[in-house]
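**Student:**
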Amino acid sequence: MVDAHEHCGHDHICWGGGHHHEGGHELRLEDVSAGYGGQRAIEGISLSITCGHALALIGPNGAGKSTLLHALAGLRPILSGRILWNGAPLHDVRREIAFLPQRSEVDWNFPITVRRLVEMGRYPALGPWRPMGAHDRDIVDKALDALEMTDLQHRQIGELSGGQQQRAFLARALAQEAHILLLDEPFGGLDVPGAESLGALLRSLAREGRLVVASHHDLATAAQVFDRALLLRKRALAYGATAEVLTPQNLQQVFPASERA
Amino acid sequence: MNDFIQFLGEPLAQRSLWACAFIGFTNGFVSALVVLRRSALQIGTLSCALLPGIALAILLFGLLQVSILLGAVLAALLVGLGSLFVSRTARVEHDTALSVLHTAAFAAGYVILIQLGLQQKVDDWLFGNIMSMTDTDLWVAYATGAVAMLGITALFRPLVIFLFDPRAAATMGLPARAYNYGIFALIILVLVSSLQAVGAFLTLGLLVAPAATMKLLTDRTELMFWGGGLIGGLGSVLAFFLSYPLGWHLGATIIMVLGCIFLIAYAATTLRRK
Numbered sequence: 046m047v048d049a050h051e052h053c054g055h056d057h058i059c060w061g062g063g064h065h066h067e068g069g070h071e072l073r074l075e076d077v078s079a080g081y082g083g084q085r086a087i088e089g090i091s092l093s094i095t096c097g098h099a100l101a102l103i104g105p106n107g108a109g110k111s112t113l114l115h116a117l118a119g120l121r122p123i124l125s126g127r128i129l130w131n132g133a134p135l136h137d138v139r140r141e142i143a144f145l146p147q148r149s150e151v152d153w154n155f156p157i158t159v160r161r162l163v164e165m166g167r168y169p170a171l172g173p174w175r176p177m178g179a180h181d182r183d184i185v186d187k188a189l190d191a192l193e194m195t196d197l198q199h200r201q202i203g204e205l206s207g208g209q210q211q212r213a214f215l216a217r218a219l220a221q222e223a224h225i226l227l228l229d230e231p232f233g234g235l236d237v238p239g240a241e242s243l244g245a246l247l248r249s250l251a252r253e254g255r256l257v258v259a260s261h262h263d264l265a266t267a268a269q270v271f272d273r274a275l276l277l278r279k280r281a282l283a284y285g286a287t288a289e290v291l292t293p294q295n296l297q298q299v300f301p302a303s304e305r306a
Numbered sequence: 002m003n004d005f006i007q008f009l010g011e012p013l014a015q016r017s018l019w020a021c022a023f024i025g026f027t028n029g030f031v032s033a034l035v036v037l038r039r040s041a042l043q044i045g046t047l048s049c050a051l052l053p054g055i056a057l058a059i060l061l062f063g064l065l066q067v068s069i070l071l072g073a074v075l076a077a078l079l080v081g082l083g084s085l086f087v088s089r090t091a092r093v094e095h096d097t098a099l100s101v102l103h104t105a106a107f108a109a110g111y112v113i114l115i116q117l118g119l120q121q122k123v124d125d126w127l128f129g130n131i132m133s134m135t136d137t138d139l140w141v142a143y144a145t146g147a148v149a150m151l152g153i154t155a156l157f158r159p160l161v162i163f164l165f166d167p168r169a170a171a172t173m174g175l176p177a178r179a180y181n182y183g184i185f186a187l188i189i190l191v192l193v194s195s196l197q198a199v200g201a202f203l204t205l206g207l208l209v210a211p212a213a214t215m216k217l218l219t220d221r222t223e224l225m226f227w228g229g230g231l232i233g234g235l236g237s238v239l240a241f242f243l244s245y246p247l248g249w250h251l252g253a254t255i256i257m258v259l260g261c262i263f264l265i266a267y268a269a270t271t272l273r274r275k
């Protein structure tokens, strides 16, 4: 499924392969602050991460996970600092970013089929008027196939299970040929098998050279899915390999005992 | 029956029939926007908020088509944005503020129109009167319909992404705010241009029922628009042929026919699923 050597050619679906680039694709945050109005929900976040990793944003409610994710997605202007992708401003290269909304924010009654949803991913390449060509249809087919959604492609999205719904949105991200996948609480509302298969999927997407960034609140499963973690409470309290970040000592700082269930 | 055939021969009847078909189609087409944005109730309140704008325009400039149109748009904007402003600056929810402002606006409009001695007109604006539409009214309706259909068709691909997933649309670089205001402006324009046909109370039905029916019948977004247009247009024409022989009010008949079509589609689709 991976063909890293042809990376970023235009006749194949781009599966990432960032670690084959010199130094890899790098996402770098420099002293980033963002928030609502004058209020800063996150402050002074700096980190660097390359493709091939899955990063969990971990912290209590209101810690700024969504704000950071939205800032990365370009949905919220940052108040100060810089977000760079391979040294250039991230939001100059919109097609590199795919955003997956929370399942609860999606109108599942919307009259649209899985295939049409995935075809949306071609928008950044096609713009409003250029028709879908054979190349685009091929990419959509491959994206559906990669996420085992080919048989379900003509279903209306509300007729899918929770796990299948997440796979449909991931297929859209693949069709977009985005390197950075931003997911807002992707495991919310999934049953255990659905969550396990989504976890495996995110890991394999990262291994193939994409950069997966997700807000996540389940400390128990974080290390199984994500190899990097950012512990957040307005400021970055710890960042690095997941096991090293989620130490009892660190967690004590972010989740005081009184707030834990 | 002979009466009716004779009536159909008159230019007034033919004009009204054509107006029914066109206004019905335009509203049905645009109703997909209202349904897919899930903003039916907001639009309902706005349609009533148009009244004071119309009344004030008449008070200040007389019965001029252009000023009435502008007055209606201004009133809708004032109530719409005003309620948003109030809810953001005080501890009231948006729908609460909207309810207070739009009923107050509606009441003010009603009082002004009665004071101006326009009782007959009041009825037309509340419940509609296609027969009373002037040539200018019809041209405004045609122009609005053409703008709405061309605009939606030309920007269909990004529009669907925006309607379905505004966050992903913004991430892909679509100007979300422009789309928001554009859609709002388009709906208000269609609302005002069809106000005389079905009236402030009933216009919401024409701007929701056709696409609501299509939502029961299709999984394809584009069919919400074109199918909605067909249902709106054909339903209005059917209502025209029913209303004369039965002596029913035309605007009310249109809304009843569209309501019946929705209920039939609902019954058919839910029974088939069981």
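Taken in order, these protein sequences are the chains called A and B.
Each residue of the first sequence is one higher than the one before, starting from 46 at the first, in the working numbering.
Each residue of the second sequence is one higher than the one before, starting from 2 at the first, in the working numbering.
C-beta atoms are modelled at their ideal positions from N, C-alpha and C, and glycine is treated no differently.
Using 10 angstroms around the beta-carbon of residue 183 of chain A, count the other beta-carbons present and answer buried if the total reaches 16, otherwise exposed.
**Tutor:** exposed
**Student:** Would you mind sorting residue 176 of chain A into buried or exposed? The rule is 16 or more other CB atoms within 10 Å of its CB.
**Tutor:** exposed
**Student:** Which residues in chain B sit within 8 Å of residue 165 of chain A, going by Cβ to Cβ distance?
**Tutor:** 161, 162, 165, 166 and 169
**Student:** So which residues on chain B does residue 120 of chain A lean against when the C-beta distance must stay under 7 Å?
**Tutor:** 168, 171 and 172
**Student:** Which of the residues in the region 140-155 of chain A, read from start to end, lie with their CB under 9 Å from any CB of chain B?
**Tutor:** 140, 142, 143, 144, 145, 146, 150, 151, 152, 154 and 155
**Student:** Distance check for residue 163 of chain A and residue 280 of chain A, CA to CA, integer angstroms please.
**Tutor:** Straight across, the Cα-Cα distance linking residue 280 of chain A with residue 163 of chain A is about 36 Å.
**Student:** Can you tell which of A:276, A:259, A:193 and A:109 has its C-alpha closest to the C-alpha of residue 121 of chain A?
**Tutor:** A:109
**Student:** Residues of chain A with CB under 8 Å from residue 219 of chain B, in chain order?
**Tutor:** 156
**Student:** With the cut-off set at 8 Å, would you say residue 1 of chain B and residue 103 of chain B are in Cβ contact?
**Tutor:** A question about residue 1 of chain B goes unanswered here, because the residues of chain B that appear run from 2 up to 275.
**Student:** Please classify residue 12 of chain B: is it buried, with 16 or more other beta-carbons within 10 angstroms of its beta-carbon, or exposed?
**Tutor:** Counting other Cβ atoms within 10 Å of its Cβ, residue 12 of chain B stays below 16 and is therefore classed as exposed.
**Student:** Could you run through the region 26-40 of chain B and flag, in chain order, every residue whose CB is less than 8 Å away from some CB of chain A?
**Tutor:** 37 and 39
**Student:** Any residues in the region 205-233 of chain B with a beta carbon nearer than 8 Å to a beta carbon of chain A? Which ones, in chain order?
**Tutor:** 215, 216, 219, 220, 221, 222, 224 and 225
**Student:** Below 7 Å on C-beta distance, what does residue 156 of chain B contact in chain A?
**Tutor:** 173
**Student:** Could you give the C-beta distance for residue 117 of chain B and residue 55 of chain B, rounded to a whole number, given that I count them as a contact under 8 Å?
**Tutor:** Not confirmed; about 11 Å, so no contact.
**Student:** Does the structure place the region 24-44 of chain B close enough to the region 230-249 of chain B that three or more beta carbon pairs sit under 8 Å?
**Tutor:** yes
**Student:** Below 8 Å on the Cβ atoms is my guess for residue 207 of chain B versus residue 256 of chain B; work out the distance and round it to an integer in Å.
**Tutor:** 7 Å
**Student:** How many Å lie between residue 265 of chain A and residue 190 of chain B at the Cα?
**Tutor:** 54 Å
**Student:** Short of 7 Å Cβ to Cβ, which residues in the region 205-237 of chain A face chain B?
**Tutor:** none
**Student:** With a threshold of 16 other CB atoms inside 10 Å of the CB of residue 206 of chain A, please say whether the residue is buried or exposed.
**Tutor:** exposed
**Student:** Evaluate the contact criterion for the region 94-102 of chain A versus the region 248-256 of chain A: three or more CB pairs, one atom per stretch, below 8 Å.
**Tutor:** yes
**Student:** When the Cα of residue 278 of chain A is compared with those of A:77, A:86, A:73 and A:119, which residue comes out closest?
**Tutor:** A:86
**Student:** Does any CB atom of chain B fall closer than 8 Å to the CB of residue 81 of chain A?
**Tutor:** Not closer than 8 Å to any Cβ of chain B, the Cβ of residue 81 of chain A fails to qualify, so no.
**Student:** Under DSSP, the beta strand (DSSP E) around residue 28 of chain A begins and ends at which residues?
**Tutor:** What is shown of chain A runs 46 to 306, which leaves residue 28 of chain A out entirely.
**Student:** Can you give me the C-alpha to C-alpha distance between residue 260 of chain A and residue 73 of chain B, rounded to a whole angstrom?
**Tutor:** 45 Å
**Student:** Between which residues of its own chain and residue 258 of chain B is the CB-CB distance below 8 Å, once the five residues before and five after are set aside?
**Tutor:** 236, 237, 239, 240 and 243
**Student:** Could you give the C-beta distance for residue 157 of chain B and residue 223 of chain B, rounded to a whole number, given that I count them as a contact under 8 Å?
**Tutor:** 7 Å
**Student:** Assign residue 11 of chain B to one of three DSSP states: helix, strand, or coil.
**Tutor:** Coil at residue 11 of chain B, not helix or strand.
**Student:** How far does the alpha helix (DSSP H) with residue 240 of chain A in it reach, from first residue to last?
**Tutor:** 237-252
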